[in-house]
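First the structure, in the form of structure tokens, and then the observations on it.
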Amino acid sequence: MLHPVPAPVWRSTRKGALPDPAVPRRAVFLDRDGVINTVVMRGGVVSSPWTRGEFSIFPEAVDLCASLRRNGWLLVVVTNQPDLSRGNLAAEELEAMHAELQRRIHPDAIEFCASGDDSDRRRKPHPGMLLDAAERLGIDLAASWIIGDSRKDIAAGRAAGVHTILLATPYNSAVREEADAVAASHADARAIIEADADTAPKP
Ligand SMILES: [Mg+2]
């Protein structure tokens, strides 16, 4: 007899990759601004790109993500974008940035939160974006990581139960003690994740 085929809940940009439902999948969650692309300084304050022209992806982030993907990690971008609701960022500019991000980083998902409301469950430091992606993609949070450059990233990671890495920058020195690890560079973050035998995916 025919059995109903369940709707696919997993998509990947990786050609030929098929999930083994028996194997919990590990992910690296990545903050966007300051981790994947450069921040934009406005009046001495760290801000986000508002146009596709301001969106500049770190070559080191491309290398990091390619390496993690090759080693079996799912990649999930988790980004607060309150400038959408504040009117500083047009939806079509965000779409253009994320199309470029998809082309060059090949994440399995891009989660963004447009709300500027600090009570929004998806707005970091709340873990909603991580939890939503984990449920949808079948991610084992305890075996996963987040790489961020802000207190909100580290707090969201801790609330979701993932390991946390702060990518050290001149503007986040006050946050370093809050993360499980501090990475001096993208390559350093990769080394920290891949040295963790308990969480590294088995080949
Ligand atoms: Mg950031």
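Each residue of the sequence shown is one higher than the one before, counting from 1277 in the numbering used here.
Glycine is no exception: its CB is placed at the ideal position from the N, C-alpha and C atoms.
Here the structure is a predicted model, which is why all the values come from computation and not from measurement.
Across the structure, residue 1381 and residue 1419 are spaced so that their CA atoms are roughly 22 Å apart. Per DSSP, residue 1469 lies in no beta strand (DSSP E) segment; the continuous alpha helix (DSSP H) that holds it begins and ends at 1462-1470. Collapsing the DSSP output to three states places residue 1423 in a strand. Counting only the Cα atoms, residue 1303 lies some 22 Å from residue 1357. Under the Cβ criterion (8 Å, minimum of three pairs), the segment 1359-1371 does not count as touching the segment 1299-1318. If only complete runs of 3 or more residues are kept, the segment 1307-1379 shows the beta strand (DSSP E) at 1316-1318, 1321-1323, 1350-1356, in order along the chain. A distance below 8 Å between beta-carbons, with the five flanking residues on each side excluded, links residue 1422 to the following residues of its chain, in chain order: 1304, 1305, 1306, 1307, 1354, 1406, 1429, 1430, 1432, 1433, 1436, 1438, 1439, 1440, 1441.
Residue 1350 is not a Cβ neighbour of residue 1393, given a cutoff of 8 Å.
Annotation for residue 1442: the continuous beta strand (DSSP E) segment containing it runs 1439-1443.
Taking a contact as a CB-CB distance under 8 Å, the pair residue 1352 and residue 1387 counts as one, their CB atoms being some 6 Å apart. As computed with DSSP, residue 1430 is found in no beta bridge at all.
For residue 1299, the three-state secondary structure derived from DSSP is coil. Under a 10 Å Cβ-count criterion, residue 1453 is classified as exposed, with fewer than 16 other Cβ atoms of the shown protein chains found around its own Cβ. In this structure, DSSP gives residue 1459 an extended state, which the three-state scheme calls strand.
According to the DSSP assignment, residue 1385 belongs to the beta strand (DSSP E) that extends over 1385-1389.
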